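*Asks:* In this note's numbering, the protein residues as written are 73 to 864.
Handing you this structure, nothing more for now.
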Ligand code: BGC
Ligand code: NOJ
């Protein structure tokens, strides 16, 4: 089995040792509003705030080979031209290594005695990427080499950049001053932002026009200027503006040259846009260049970034005898939760950054992965999300990060959406004890003057479900529930229609969801507890509604061995033994067992057994089974996928933790732990088969019915990050935040382990011996350090 790298836990890095990974293995840079995607060969792009509207570097979708374009450094040494990250020249290297760390990526290549070490990071408090390029002559004789930088500008809107060529090919504008190349397309009109790429020493040549640099018929792998050792000193007028610097360097034996590049983004006030007619005001760019002019400044900024991540990740650590568990919990899962929080589902190597904004349900779920690290930002996110809600509790499915407005392209009507606001807010208050957030005035649909308290938003979210019940007293599914692809009111014949935004029949629909029913009961219990805690008498009605829902599920949502999945438009069962295919679904098993519906009657244990029996395979639990073998118009997108992929019997990792938590709540430690290990990448043995990054969870792993079971896809931006975090930290390791303290209630067959947990102003240092007993121990919140040994 081929390995492409290894974990370096001490440095919190994943080290890639072979650049030809089965798929680009990427990392993310940035912590505030300037973000970058960077692959192990330095491909990728960056943007400020919005991956669609403020795209800085161009990225080629559907290109071959994929992942072409990025921030490339070319080294010309005699007749040899190479890149530290191997691509795009793919000149064989004597040594290659890519270290993806927390908010930085470091690529090192060596060729013929020259070593190039390039560190990429986005410094805290600045809107830029810093690239520190170090060239070292490891040989015994002096070396003369040329170093070229290269980046290609996107004309800001990543969507029109790929379409509107009749305009785009005439709008490109640049300025060049000193060693800084400025990209100012559309700055003359309504844009008040520009980008720049500069270096901290005088350059020996440059190019800003792509054709001059590459040549009309060459690709990135053979730029004609680099091959010739020249620069065209070209000024782009329209066509395709780029930025390339050239440095002619002589390196004595053993000597190192260090050049610092800054790729930045600047916004100016409208009245301060120009320093002279047509000339951009460069003050902010120069200021940024000056902030990273010396190696000492770069080191300080890099140290600051490291402390930032040390601070965040230090808030929860585990030490056990299982290294895969420790590295997942202490490093990569928390890191992925942060990235997912920043990006929602917008930009990855599976999400274009053009199509999707911040998901209402996605962003609420993401909160549970980060609230212990960045509670203030979680608070803001809750307010932002709630502000897009409608007065009847319904929601836009997504909102645009730049404007924070609901995005009508996707519309609404996903009937699980409102409940996730309760889910996110409860998680926030349990972690922080900040009940004050409930009093925050929050508008509807961002309309000033419509504000009601956040608590009111939660109440109408809850009511949105009880206002929309179907014939069995179960929640109407609407356009879809969590499973966007179960489109029961869609009935589309037209391949040009989106399954998710088309509702051809809604009137009279009997389509009900057992997943929403389970979610409603689980979240309703939490909501009632919250209301009681703040002395709100509505708790009584909430509990009644929850009890009624539990009865409805037991009466019409139980199929004999497992929970049904749904009723369709006509009121026919989905996810039942009666169905020829799609007999068992995971979502309702997860949610109804987390809600403990019918636990006393044994329903939860039976449902969990059925999940094991019908859904479990070598790589995890598949979403449904048997897979749908043909398209069923009444069900929509779910059956559009070939068997074993995505929502049609893929291992949709996001929902595996629901079963894991359900198992833990039922006290079934072995099952919970086995399910967890199967989806956690650190336990994965075959990197070639898995294909995607071995350090992050992916949305989907091909299921047992697929052509290649075990193949991973859609890595990074997935609710799996937050949900596995919740599963491992709360259900398995048993550290459960409550409104007034921590409940320690593990369910994991690994014996003794040690936890350090920062909780509000308290620091808990816990040694836990888990012997398999049921029940937990409550530790009331009290600031300060507490060292405890707990046997359970
Ligand atoms: C995918 C889902 C995704 C949805 C939203 C669907 O095609 O299968 O996983 O949530 O699109 O864009
Ligand atoms: C991905 C979406 O982002 C999420 O909202 C949805 O629940 C899952 N796909 C399942 O369809």
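All C-beta atoms, glycine included, are put in the ideal place defined by N, C-alpha and C.
It should be emphasised that the depicted structure is a prediction, and the values quoted were computed from it without experimental measurement.
Among 151, 581 and 832, which has the Cα closest to the Cα of residue 300?
*Replies:* It is 151 whose Cα lies nearest to the Cα of residue 300.
*Asks:* Residues bridged to residue 435 by DSSP?
*Replies:* The partner list for residue 435 (beta bridge, DSSP) is empty, contrary to what the question assumes.
*Asks:* Which one of 774, 632 and 235 has the shortest CA to CA distance from residue 655?
*Replies:* When each option's Cα is compared against that of residue 655, the closest is 632.
*Asks:* Is residue 310 near residue 416, with beta carbons less than 8 Å apart?
*Replies:* Not closer than 8 Å, so no.
*Asks:* Cutting at 8 Å between CB atoms, please list the residues of its own chain near residue 412, excluding the five before and the five after it.
*Replies:* The residues are 438, 441, 788, 789, 790, 791, 793 and 794.
*Asks:* What distance in whole Å lies between the Cβ atoms of residue 230 and residue 426, which are believed to be in contact at a cut-off of 8 Å?
*Replies:* Right, the Cβ-Cβ distance comes to about 5 Å (below 8 Å), so this counts as a contact.
*Asks:* To the nearest angstrom, report how far apart residue 103 and residue 110 are at their CA atoms.
*Replies:* Taking the straight line joining both Cα atoms gives about 14 Å.
*Asks:* What are the boundary residues of the beta strand (DSSP E) that residue 224 is part of?
*Replies:* 215 to 228 is the span of the beta strand (DSSP E), which, as asked, contains residue 224.
*Asks:* Please report the straight-line C-alpha distance between residue 226 and residue 318, rounded to a whole angstrom.
*Replies:* Roughly 21 Å separates the two Cα atoms.
*Asks:* The ligand NOJ and residue 434: does the residue's C-beta get closer than 7 Å to at least one heavy atom of that ligand?
*Replies:* Yes; taking the cut-off as 7 Å, the Cβ of residue 434 has a heavy atom of the ligand NOJ nearer than that.
*Asks:* Would the beta-carbon of residue 719 be found less than 7 Å away from any heavy atom of the ligand NOJ?
*Replies:* Checking the Cβ of residue 719 against the ligand NOJ gives yes.
*Asks:* So the candidates are 720, 130, 293 and 168; which of them puts its Cα closest to the Cα of residue 235?
*Replies:* Answer by Cα proximity: 130.
*Asks:* In this structure, does DSSP put residue 838 in helix, strand or coil?
*Replies:* Strand.
*Asks:* Is the beta carbon of residue 79 sitting closer than 8 Å to the one on residue 90?
*Replies:* Contact: no.
*Asks:* Under the rule that 16 or more other beta-carbon atoms within 10 Å means buried, what is residue 192, buried or exposed?
*Replies:* Its Cβ being crowded by 16 or more others within 10 Å, residue 192 is buried.
*Asks:* Look at the Cβ atom of residue 671, then the Cβ atom of residue 625, and state whether they are nearer than 8 Å.
*Replies:* Cβ atoms of residue 671 and residue 625: not closer than 8 Å.
*Asks:* Where residue 156 and residue 331 are concerned, what is the direct C-alpha to C-alpha distance, given to the nearest angstrom?
*Replies:* Each residue's alpha carbon lies about 14 Å from the other.
*Asks:* Tell me the start and end of each unbroken beta strand (DSSP E) in the region 441 to 523 that is at least 3 residues and wholly inside, in chain order.
*Replies:* Counting whole runs of 3 or more residues, the region 441 to 523 contains the beta strand (DSSP E) stretches 513 to 516.
*Asks:* Compute the distance between the beta-carbons of residue 221 and residue 145, then report whether it is under 8 Å.
*Replies:* Yes.
*Asks:* Evaluate contact between the region 543 to 556 and the region 581 to 596, counting only Cβ atoms and requiring at least three cross-stretch pairs below 8 Å.
*Replies:* With the cut-off at 8 Å, the region 543 to 556 and the region 581 to 596 touch.
*Asks:* According to DSSP, residue 867 sits in a beta bridge with which residue or residues?
*Replies:* Nothing can be reported for residue 867, as the shown portion of the chain is limited to 73 through 864.
*Asks:* Using DSSP with H/G/I as helix, E/B as strand and the rest coil, what is residue 271?
*Replies:* It is a strand residue.
*Asks:* Under the rule that 16 or more other beta-carbon atoms within 10 Å means buried, what is residue 239, buried or exposed?
*Replies:* Exposed, by the Cβ-count rule.
*Asks:* Starting from the Cα of residue 862, find the closest Cα among 780, 82, 805 and 834 and give me that residue.
*Replies:* Looking at the Cα atoms, 805 is the closest of the given residues.
*Asks:* To which residues does DSSP link residue 610 through a beta bridge?
*Replies:* Its beta-bridge partners do not exist; DSSP assigns none.
*Asks:* Buried or exposed: residue 826, going by 16 or more other Cβ atoms within 10 Å of its Cβ?
*Replies:* Exposed: under 16 other Cβ atoms inside 10 Å.
*Asks:* Is residue 481 near the ligand MN - that is, is its Cβ less than 7 Å away from at least one heavy atom of it?
*Replies:* Among the ligands modelled here, namely the ligand BGC and the ligand NOJ, the ligand MN does not occur.
*Asks:* How should residue 619 be labelled, buried or exposed, when 16 other C-beta atoms within 10 angstroms of its C-beta is the threshold for buried?
*Replies:* Residue 619 comes out exposed.
*Asks:* Looking at residue 228: is its Cβ nearer than 8 Å to the Cβ of residue 257?
*Replies:* Their beta carbons are under 8 Å apart, which means residue 228 touches residue 257 by this criterion.
*Asks:* Hey, residue 683 and residue 731 are a contact pair by Cβ (cut 8 Å); roughly how many whole angstroms apart?
*Replies:* Residue 683 to residue 731, Cβ: 5 Å. Contact.
*Asks:* In this structure, how does DSSP classify residue 720 when only helix, strand and coil are distinguished?
*Replies:* Residue state, collapsed to three classes: strand.
*Asks:* Between the alpha carbons of residue 499 and residue 598, how many angstroms are there, rounded?
*Replies:* The straight-line gap from Cα to Cα measures roughly 10 Å.
*Asks:* Which residues in the same chain as residue 123 place their Cβ atom closer than 6 Å to its Cβ, once the five residues preceding and following it in sequence are excluded?
*Replies:* Hits under 6 Å: 418, 419 and 425.
*Asks:* For residue 467, verify whether its CB is less than 7 Å away from any heavy atom of the ligand NOJ.
*Replies:* No, the beta carbon of residue 467 sits no closer than 7 Å to any heavy atom of the ligand NOJ.
*Asks:* Buried or exposed: where does residue 347 fall if 16 or more other Cβ atoms within 10 Å of its Cβ makes it buried?
*Replies:* Classification for residue 347: exposed.
*Asks:* Does any C-beta atom of chain D lie closer than 8 Å to the C-beta of residue 255?
*Replies:* Absent from the structure is chain D; it holds one protein chain and no more.
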